[in-house]
Amino acid sequence: MSLGGYVCVTHRHGCDSQGDKAAPERDRKQMKGEELWSCVAVTEVSLWERAVSEPEDGYISASVYLNKKLQV
């Protein structure tokens, strides 16, 4: 018997992550398709981290995904 657990995945929405939008979605679909994980919550955070490089300024937003490993 395998015990359940949680994994938290974040995806920042900054300019430098625009080309990598497909990877988080692909990973979520794979986790769901394996039927070993269940999405518990998705939260959008507008002030995720302080921007430190050009052309961004202020704060960078992010999506936070909380998934639970299902017991087998």
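Residue numbering for the sequence shown follows our numbering, beginning at 5 and increasing consecutively. Even for Gly, the Cβ is constructed at its ideal location relative to N, Cα and C.
Between the C-alpha atoms of E60 and T14 there is a straight-line separation of about 19 Å. Within the stretch 10-62, the complete beta strand (DSSP E) segments at least 3 residues long are 41-54, listed from N- to C-terminus. Here DSSP, grouped into helix, strand and coil, assigns L74 to coil. Cβ neighbours of R16 within its own chain (closer than 8 Å, five residues either side excluded): W52, E53, I64, S65 and A66. A straight line joining the alpha-carbon of G37 with that of V44 spans about 15 Å.
Cβ contact annotation for A55 (same chain, cutoff 8 Å, sequence separation greater than five): G18, D61, G62, Y63 and I64, in chain order.
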